[in-house]
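Novice: Sharing a structure with you now.
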Amino acid sequence: MATANIKDVKRRIKSVENTMQITKAMELVATSKLRSAKERAVASQPYFNTLYETMCEIQSDRGFKSIYTKKEFLKTVLVVVLAGDRGLAGGFNHNVLKLAEEKIKSLEKDGRTVKVFPIGKKAVEYFEKRRYEIYSKEYQISENLTMSRAISLSEKVISGFRNGIYDKVELVYTTFVSTLVQNAMSVTVLPIESNDLKDKETEDTKANSTNKDKMKKSALTLYEPSAEEVFDGLIPKYISGLLFCSIVDSYASEQAARRTAMESASDNASEMIDSLSLLYNRARQAQITQELNEIVAGQMGNN
Amino acid sequence: MKPFKLKIVTPEKIFFDGEAEQITIRTTEGDIGILANHIKYVCNIVAGPLKIKDSSSEREAVLSEGILKVSDEGATVLASAVEWADEIDLERAERAKKKAEDILSDKSRADEFGRAEIKLKRALARLSVGQRQV
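Quick look at the structure:
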């Protein structure tokens, strides 16, 4: 009995050790990927900020309408969902997909047709299984999505909007708050709400009073061929920038979530190994005691 | 000539941050040159060559579409991609050109024409700048 138990426990310790090796390795991989993802996110900031500033400046200069700001009756909505390619990242995929589904349900309740544009293998699988109307499955792999891919992605999104296939675009993704906290959230990409721009701008000016002077000065800026055309030309760049930033953001979140999940898995494994070793030692001791007992009993029997 | 501050930014990195005396850049309205003390100016740029001249040398790069912004602080170029002329991957550009042309010659893919056209322009810009270099 005792021998069988020892063998069992030993085998379990071995198997937990193997699992721990894997989770440990995954943790290390996720840590290094997280670092490079963070660097990419930081590197994309100056581009996006300047773009955003310029857009705000044009918007504050003159009020006008653009096809990207029009607001008509919204009938069809495209929901872009960014998730990961692989599991084992804690609640990362689950959270963002859950939020996306809630969003879709509430849009459908309002009588709108919803098309889903999943990015990342997990998102594609999820929405295919649940038979949602899928706009495109072109972007199965979300890992290492380069800028040029992000541009063609945004061109696809924009061309559908311009051709009237849908009249609103929502983006659901995970934003990286810190290594421990990642939030799933949704934002409206198109149409651009001019209030959005203005609100942010007033916040900015409140925060930084010199900004206000800048805004006034920008009225003297020369736009070629015209402010409207510059603005319309800017929008696709703004959107590809926005998409690129969220892809990088979501990727960083995935790695952070995986790192945390794997860290706790490794911790659990080592805890398990500890308690199993205790069990093993006890069983071993019990075996020795029993053997001794048998020897002593045998001796006594001889005498 | 008087130098001014020039910054070229892509989503992946800050490509150039320094001083230049003159830049020549292709916009939707044609090629324009920017010197120091230019008035405030914003325009869209298309895929094409970019020449940066400073006191000693002239360098050429190729830009994808983006915007040019000139303010009191200097000029800022935002582009989705930038490469120095000697860093251009001609083979890749050739492939991209071929792919775009295939799409454009196939009438059944009319909805992709807009995107293919932009790609073709990018590839052509790369090829023309890159081949001049060789």
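Protein sequences appear in the order of chains F and G. For the first sequence, the residue numbers in this note's numbering are 170 to 472. For the second sequence, the residue numbers in this note's numbering are 138 to 271. C-beta: ideal position from N, C-alpha, C; glycine also. Everything numeric in this text was worked out from a predicted model, so none of it was measured.
Quick one: Cα of P287 of chain F to Cα of R252 of chain G, how far?
Specialist: So the two alpha carbons sit approximately 20 Å from each other.
Novice: Within the same chain, show all residues whose beta-carbon is closer than 7 Å to that of A434 of chain F, passing over the 5 residues directly before and after it, in chain order.
Specialist: Contacts found: T192.
Novice: Along the chain, where does the beta strand (DSSP E) that runs through N181 of chain G open and close?
Specialist: Its beta strand (DSSP E) spans residues 178 to 190.
Novice: Comparing the C-beta of P148 of chain G with each C-beta of chain F, is any distance below 7 Å?
Specialist: Chain F contact via Cβ: present.
Novice: Could you pull out every residue in the same chain whose Cβ sits closer than 7 Å to the Cβ of A425 of chain F, ignoring the five residues on either side in sequence?
Specialist: Only L203, F345, T348, Q351 meet the Cβ criterion.
Novice: Identify whether A252 of chain F lies in helix, strand or coil by the three-state DSSP scheme.
Specialist: Reduced to three states, the DSSP call for A252 of chain F is coil.
Novice: Could you pull out every unbroken beta strand (DSSP E) segment of at least 3 residues lying fully inside the region 202 to 264 of chain G, listed in chain order?
Specialist: Fully enclosed beta strand (DSSP E) runs of 3 or longer: 203 to 208, 211 to 216, 219 to 221.
Novice: Would you give the residue range spanned by the alpha helix (DSSP H) that Q468 of chain F belongs to?
Specialist: Counting along the chain, the alpha helix (DSSP H) containing Q468 of chain F begins and ends at 396 to 471.
Novice: Check whether the Cβ atoms of N262 of chain F and A252 of chain F lie closer than 7 Å to each other.
Specialist: Yes; because the gap between Cβ atoms is below 7 Å, this pair is in contact.
Novice: For L279 of chain G, decide whether its Cβ has a neighbour in chain F, counting only Cβ atoms nearer than 7 Å.
Specialist: This structure leaves residue 279 of chain G out entirely; chain G is present only between 138 and 271.
Novice: Pull up the distance between the alpha-carbon of Y221 of chain F and that of A212 of chain G, whole angstroms please.
Specialist: Cα-Cα distance, rounded: 16 Å.
Novice: Applying a beta-carbon distance threshold of less than 7 Å, which residues of chain G neighbour L391 of chain F?
Specialist: Neighbours of L391 of chain F on chain G, chain order: I176, K177, Y178.
Novice: With a threshold of 7 Å between beta-carbons, can F286 of chain F be considered close to chain G, or not?
Specialist: False, the Cβ-Cβ gap to chain G never drops below 7 Å.
Novice: Work out the CA separation of E312 of chain F and D254 of chain F for me, nearest whole Å.
Specialist: For D254 of chain F and E312 of chain F, the distance between alpha carbons rounds to 7 Å.
Novice: Where does D443 of chain F land, buried or exposed, given buried means 16+ other C-beta within 10 angstroms?
Specialist: By the neighbour-count rule (16 or more Cβ atoms within 10 Å), D443 of chain F is not buried but exposed.
Novice: If contacts are defined as beta-carbon pairs under 8 Å, then E302 of chain F and V285 of chain F qualify, I think. What distance do you get, rounded to the angstrom?
Specialist: With a Cβ gap of about 7 Å, E302 of chain F and V285 of chain F count as contacting.
Novice: Contact defined as beta carbons within less than 8 Å: I believe I404 of chain F pairs with Y237 of chain F. What is the distance between those atoms, to the nearest angstrom?
Specialist: So it is a contact: roughly 5 Å between Cβ atoms.
Novice: In the DSSP assignment, what are the bridge partners of I162 of chain G?
Specialist: I162 of chain G is bridged to G:I169, G:L187.
Novice: Using CA coordinates, which residue listed in G:L241, G:E210, G:I162, G:P186 is at the minimum distance from D199 of chain G?
Specialist: Looking at the sequence itself, residue 199 of chain G is Val, so the reference to Asp does not match. Of G:L241, G:E210, G:I162, G:P186, the residue nearest in Cα terms is G:P186.
Novice: Helix, strand or coil for S205 of chain F per DSSP?
Specialist: Here S205 of chain F sits in helix by DSSP.
Novice: Please report how far the alpha carbon of V146 of chain G lies from the alpha carbon of K235 of chain G, in whole angstroms.
Specialist: Roughly 28 Å between the two C-alpha positions.
Novice: Tell me the residue span of the beta strand (DSSP E) that contains G155 of chain G.
Specialist: Taken as a continuous stretch (DSSP letters only), the beta strand (DSSP E) holding G155 of chain G covers 151 to 157.
Novice: In terms of alpha-carbon separation, which member of G:L261, G:N181, G:E224, G:L257 lies closest to S242 of chain G?
Specialist: S242 of chain G has its Cα closest to that of G:L257, out of G:L261, G:N181, G:E224, G:L257.
Novice: Consult DSSP for S378 of chain F and reduce its assignment to one of helix, strand or coil.
Specialist: In this prediction, S378 of chain F scores a pLDDT of 42, lower than 50, which makes its location untrustworthy; no coordinate-derived value is stated.
Novice: Could you tell me which residues DSSP pairs with E195 of chain G in its beta bridges?
Specialist: For E195 of chain G, which the question treats as bridged, DSSP gives the partners G:K190.
Novice: Measuring only between beta-carbons, confirm whether S245 of chain G sits less than 7 Å from chain F.
Specialist: No, because no Cβ of chain F sits closer than 7 Å to the Cβ of S245 of chain G.
Novice: Assuming M354 of chain F and Y335 of chain F make a contact with CB atoms under 8 Å, what is their CB distance in whole Å?
Specialist: No, M354 of chain F and Y335 of chain F are not in contact; Cβ-Cβ is about 21 Å, not under 8 Å.
Novice: Closer than 6 Å by C-beta to P140 of chain G: which residues in its own chain qualify, once you throw out the five before and the five after it? Chain order, please.
Specialist: Excluding positions up to five away in sequence, the list reads E156, E158.
Novice: Which of the three DSSP states is assigned to I175 of chain F in this structure?
Specialist: If DSSP states are grouped into helix, strand and coil, I175 of chain F belongs with the helices.
Novice: Would you say V358 of chain F and S213 of chain F are within 7 Å of each other, going by their C-beta atoms?
Specialist: Against a cut-off of 7 Å, the Cβ pair of S213 of chain F and V358 of chain F comes out as no contact.
Novice: Against chain G, with Cβ distances strictly below 7 Å, would K183 of chain F count as a contact?
Specialist: Output row for K183 of chain F: interface = no.
Novice: What number of angstroms, rounded off, separates the C-alpha of I240 of chain G from the C-alpha of A230 of chain G?
Specialist: Cα to Cα, I240 of chain G sits roughly 15 Å from A230 of chain G.
Novice: Kindly provide the ranges of any beta strand (DSSP E) runs that are 3 or more residues long and lie completely inside the region 264 to 341 of chain F, ordered along the chain.
Specialist: Segments of the beta strand (DSSP E) lying fully in the region 264 to 341 of chain F: 282 to 288.
Novice: For Q268 of chain G, collect the residues of the same chain with a Cβ closer than 8 Å to its Cβ; drop the 5 residues on either side in sequence, then sort them by chain order.
Specialist: Contacts found: L227.
Novice: With C-beta atoms as the reference, is V179 of chain G less than 7 Å away from R163 of chain G?
Specialist: Their beta carbons are not under 7 Å apart, which means V179 of chain G does not touch R163 of chain G by this criterion.
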